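Asks: Mapping the sequence shown onto full-length UniProt numbering, position 89 (from 1) lands on 89, and the numbers just tick up by one. Quick reminder that beta carbons are idealized off the backbone N, C-alpha and C, glycines included. Everything numeric in this text was worked out from a predicted model, so none of it was measured.
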Amino acid sequence: MMNQPAILVLADGTIYEGISVGATGDCVGELVFNTSLTGYQEMLTDPSYARQIITLTTAHVGNTGCTHEDMESNKIWAAGLVLRNSSIIHSNYRAEQSLPDWLKKNGVVAIAGIDTRDLTLRLREHGALGACISTHVENPELVLAKARSFSGLQGVDLALEVSRKTMERWHDGQGEWGKGSQPQQFHVVAYDFGVKHNILRILHDKGCHLTLVPAKTSAAEVLALNPDGVFLSNGPGDPQACDYAIRATQEFLAHNIPLFGICLGFQILALACGGVTKKMKFGHHGANHPVIETEGKKRVFITSQNHGFSVDEESLPDCLAITHRSLFDNTLQGIRHKEKPAFGFQGHPEASPGPHDIEIIFNEFIQLMK
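1) Let me know if T55 comes out buried or exposed under the rule of 16 or more other beta-carbons within 10 Å of its beta-carbon.
2) How many Å lie between V137 and P5 at the Cα?
3) Cβ of L271 within 7 Å of Cβ of G344?
4) What separation, rounded to the nearest whole angstrom, lies between the Cα atoms of K105 and A23?
5) Can the beta-carbon of V195 be found less than 7 Å from the beta-carbon of A50?
6) Near T57, what residues of its chain come up, given a Cβ to Cβ distance below 6 Å and the 5 sequence neighbours on each side ignored?
7) Opposite Q305 in the DSSP bridges: which residues?
8) What is the DSSP secondary structure of M280, counted as helix, strand or coil?
9) Counting only the same chain and skipping the five closest in sequence on each side, list residues whose C-beta sits under 7 Å from that of residue 433.
10) Comparing C-alpha positions only, which one of T331, Q97 and D192 sits nearest to S315?
11) Please specify which runs of the alpha helix (DSSP H), each continuous and at least 4 residues long, are wholly inside the stretch 4-90, giving them in chain order.
12) Since A241 and D157 are thought to touch, with beta carbons under 8 Å apart, how far apart are those beta carbons, to the nearest angstrom?
13) From the DSSP output, read off the bridge partner residues of W170.
14) In terms of alpha-carbon separation, which member of P290, G296, E295 and P317 lies closest to S304?
15) What span of residues does the beta strand (DSSP E) with G334 cover, start to end?
16) Look at the Cβ atom of I133, then the Cβ atom of C27, and state whether they are nearer than 7 Å.
17) Going by Cα to Cα distance, which pick from G65, V61, S87 and F309 is closest to R94?
18) Should the stretch 210-226 be called in touch with the stretch 274-290, which here means at least 3 C-beta pairs below 8 Å?
19) Between the Cα of residue 373 and the Cα atoms of E96, C263, G29 and K298, which residue gives the shortest distance?
20) Using only the alpha-carbon positions, how far apart do H171 and K146 sit?
21) How is the beta strand (DSSP E) around I262 delimited, first residue to last?
22) Between which two residues does the beta strand (DSSP E) containing F328 stretch?
23) Just curious, the alpha helix (DSSP H) that D118 is in, first and last residue?
24) For F362 and K297, I'd like the C-alpha separation in whole angstroms.
25) Which whole-angstrom value describes the C-beta separation of D228 and H187, a residue pair presumed to lie in contact below a C-beta threshold of 8 Å?
26) Between L10, P258, S91 and R84, which has its C-alpha nearest G127's C-alpha?
27) To which residues does DSSP link I133 through a beta bridge?
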């Protein structure tokens, strides 16, 4: 079978030629790079990647195939995928199908044969760009127009787009891959702004009885559920566009409800306290990001990260203390409220993919609820 040609066109006019390893057609989004060596399936199904095209910097992708057990949501949310090499064969006792077959089945456009090192350097120099992957190689001008039609993610509320629409219970833990499950002692209401499954699995195993609610659920509706704590999940888009979530968080703070925010939830907590967020040049996307504690033992953790917005330290109100910083660029990674039972972490302590160094931060949430 002959390879179908494909092109990747950036909004600045740069064209990369390659071969299609996914569905036929076009995809448009913000082009970002991820430095993780493994975990492509977890990345693609992470709702935080909505409207983004992922470039994987690792050279060979697809070696372990795909399985439904490694999905972090119920579908692929990434707009597209860019690879150096797509593995011809896969070998894994858990695999159900190859990466190209999985991408085609789910209608995701992807391209391989790209000089991802050159592409990554371009993104580092110029920042995240609008881009289009297309199998319509005969008309690059039209593909360029589509890439330039992408208006960016600033001011865009994607949490509503990826969130579940109804209130649901969550009953699954990590099973054989986890450390065992504790008795369900705490009722936690988890806001779904694009929550990853492994966050919920860990909370379950830590002894939390979980109620998942849509992104726009009011504070009054949540308080009526009589929670022991409220969790603000990860998610895509601009946190400043989630005004409904900011207002709800302010209500929880006023009621002294224990609060824990991850990624987008971390940013919403900062905004609710009077802080400001800003768009990053190319964001943090990878599983090798060192973070240091600014309090206590000042331990260093290697963490998984996936965010394109950050909290502006200069805007941080006096009521918030800094608990963690990035050792790559010194950006804020953790905050806690000095007077309320609330804290947040910018990275992904649940990993999926990535290291589990900072998973212990879930224990802080449990302690707040005791």
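Replies: The short version:
1) Here the question's residue 55 lines up with position 55 in the sequence shown. Answer is buried; the Cβ neighbour count reaches 16.
2) Here residue 137 corresponds to residue number 137 of the sequence shown, with the count starting at 1. Here residue 5 corresponds to residue number 5 of the sequence shown, with the count starting at 1. Approximately 7 Å, taken between the alpha carbons.
3) Translated into the one-based positions of the sequence shown, residue 271 becomes position 271. Translated into the one-based positions of the sequence shown, residue 344 becomes position 344. Cβ atoms of L271 and G344: not closer than 7 Å.
4) Reading the sequence shown from its first residue, position 105 is the one you call residue 105. Reading the sequence shown from its first residue, position 23 is the one you call residue 23. Going by the C-alpha atoms only, they are around 8 Å apart.
5) The sequence position of residue 195 within the sequence shown is 195, counting from 1. The sequence position of residue 50 within the sequence shown is 50, counting from 1. No.
6) Translated into positions along the sequence shown, residue 57 becomes position 57. Hits under 6 Å: F33, T35, T116 and T120.
7) Reading the sequence shown from its first residue, position 305 is the one you call residue 305. Assignment of beta-bridge partners to Q305 by DSSP yields G286.
8) Translated into the one-based positions of the sequence shown, residue 280 becomes position 280. Here DSSP, grouped into helix, strand and coil, assigns M280 to strand.
9) The question about residue 433 has no answer here: the residues shown for the chain are numbered 1 through 370.
10) The residue you call residue 315 lines up with position 315 of the sequence shown. If we check each option's Cα against that of S315, T331 comes out closest.
11) Qualifying alpha helix (DSSP H) stretches, in chain order: 40-44.
12) For the purposes of this step, residue 241 is identified with residue 241 of the sequence shown, where counting begins at 1. For the purposes of this step, residue 157 is identified with residue 157 of the sequence shown, where counting begins at 1. The pair is a contact, with the Cβ atoms about 4 Å apart (cut-off 8 Å).
13) Looking up residue 170 in the sequence shown gives position 170. Note: W170 sits in a beta bridge opposite L210.
14) Your numbering for residue 304 matches position 304 in the sequence shown. For the residues P290, G296, E295 and P317, the minimum Cα distance to S304 belongs to P290.
15) Locating residue 334 in the sequence shown gives position 334, where the first residue counts as 1. Residues L332 to H337.
16) Counted from its first residue, the sequence shown places residue 133 at position 133. Counted from its first residue, the sequence shown places residue 27 at position 27. A contact, by the Cβ cut-off of 7 Å.
17) Taking the first residue of the sequence shown as position 1, residue 94 is located at position 94. If we check each option's Cα against that of R94, G65 comes out closest.
18) With the cut-off at 8 Å, the stretch 210-226 and the stretch 274-290 do not touch.
19) Since the first residue of the chain shown is 1 and the last is 370, residue 373 is not available in this structure.
20) Sequence index remark: in the sequence shown, residue 171 carries index 171 (1-based). Sequence index remark: in the sequence shown, residue 146 carries index 146 (1-based). Approximately 42 Å, taken between the alpha carbons.
21) Residue mapping note: residue 262 aligns to position 262 of the sequence shown, counting from 1. Per DSSP, the continuous beta strand (DSSP E) segment holding I262 begins and ends at L259 to I262.
22) By 1-based counting over the sequence shown, the position of residue 328 is 328. That residue, F328, is in no beta strand (DSSP E); it is neither H nor E in DSSP.
23) By 1-based counting over the sequence shown, the position of residue 118 is 118. Per DSSP, D118 is one residue of the alpha helix (DSSP H) stretching across T116 to H126.
24) For this step, residue 362 is matched to residue 362 along the sequence shown. For this step, residue 297 is matched to residue 297 along the sequence shown. In a straight line, the C-alpha of F362 is about 18 Å away from that of K297.
25) Residue numbering aside, residue 228 sits at position 228 when the sequence shown is read from its first letter. Residue numbering aside, residue 187 sits at position 187 when the sequence shown is read from its first letter. With 8 Å as the limit, D228 and H187 qualify as a contact, their Cβ atoms being about 5 Å apart.
26) Translated into the one-based positions of the sequence shown, residue 127 becomes position 127. Shortest Cα-Cα distance from G127 to any of L10, P258, S91 and R84 involves L10.
27) Here residue 133 corresponds to residue number 133 of the sequence shown, with the count starting at 1. Answer is L8 and C27.
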